[in-house]
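Counted the way our numbering counts, the sequence shown spans residues 184 to 417. We treat Cβ as the ideally placed atom computed from N, Cα and C, and that holds for glycine. It should be emphasised that the depicted structure is a prediction, and the values quoted were computed from it without experimental measurement. Report on the following structure.
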Amino acid sequence: MYPNIQEQGALQAAENFMNEIMARYDPSHDAFHVQRVRKTALSIARALFAQQPDLLVVELAALLHDVLDKKYVSEIEAADPYGYFLPFFQSLSSEHGLDLISDGRARQIVKVVENVSWTTEKELRSTGRIEEWHRVCVELHCVQDADRLDAIGAFGIMRCAAYSAVVNRPLHAPPGRLDTAVQHFYDKLLHIQERLKTEPGKQMGAKRHQFMVDFLNSVENEYNAKALEVACTA
C-alpha cells in the first residue's frame, strides 16, 4: 500500500525541503501551488493505473518541480539539478532507509523535474530534441499536466495576476500593448490545453480552458462597456 513508512518519511522530507527553499518565492509559484500540483498529479497517476506509474516518483517530482525554477534561482544553482538534489536523496537513504540513488529513481525524479516546464518543452520541440522518453514517460506526463492545469482555469487566472504584480506588468491596456497579463493568455495560457498529455488531464483541462475563455470575454465586454440610456419618466 502506497505510501509505506519509508516513503512517508521521504515525502515529508521533500515537503520540508520544498517549503524551506520556496518560502521566498512569490504567490504565483509558492508552496500552495506545489501542493495543488502534487494533489492533481497523484489524481492523474491513480486514474492511469493500467500504465502503472511509479507513484513515489510522481509525488516527489511534483513536490520538487519548482524548487529550481529559473525565475527564482541563479544560473549556477540551476546548471546541475542532479548535483543540487543529490544531498537530499542521500539524506533519504541515511535517515529514512530509502535508497533512490541505487535503484535509479533519484535520476528519474530529477529528469522529470528538469522537463516539466512549458518553456523547456517548447525549446526542445523547436530544436528537434524531443526524445522517445519525453513521449512515453507517464510520470513526466502526470506532473506536466498537473503543473499546466494549475496555470489555467481559476487558479491560473489568479496566478497570472499575481506574477504580473511581481514584475509590474499591466493587467490590461488599450489595444497595441503586448506586455500585459491579458496578452499572456493569448501568448501561452490558451495554448496549454493543446499540450496536455493524459486523458484525465485533458478532461480537466477542457473545463478550465473554457473558464479562461469566458473570463477573457468578460474582460473585453467590461473594457468596451457603454452606459445604457435610461428613459426619464415625468
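- Residue environment analysis places Val319 among the exposed positions, since fewer than 16 neighbouring C-beta atoms fall within 10 angstroms of its C-beta.
- In the displayed model, Thr310 falls within coil according to three-state DSSP, outside both helix and strand.
- A straight line joining the alpha-carbon of Val365 with that of Leu332 spans about 18 Å.
- Remark: C-beta atoms of Val293 and Tyr265 approach each other more closely than 7 Å.
- No Cβ-Cβ contact shorter than 7 Å links Val349 with Asp249.
- In this structure, the alpha-carbon of Val296 lies about 24 Å from that of His367.
- In this chain, the alpha helix (DSSP H) harbouring Arg219 covers 214–230.
- Put simply, the stretch 188–198 touches the stretch 239–248. At least three CB pairs are less than 8 Å apart.
- Here Tyr185 is actually not in contact with Leu251; their C-beta atoms are around 26 Å apart, not less than 8 Å.
- Here the stretch 344–358 makes no contact with the stretch 304–322; the two share fewer than three CB pairs at distances below 8 Å.
- Under the Cβ criterion (8 Å, minimum of three pairs), the stretch 348–362 does not count as touching the stretch 280–294.
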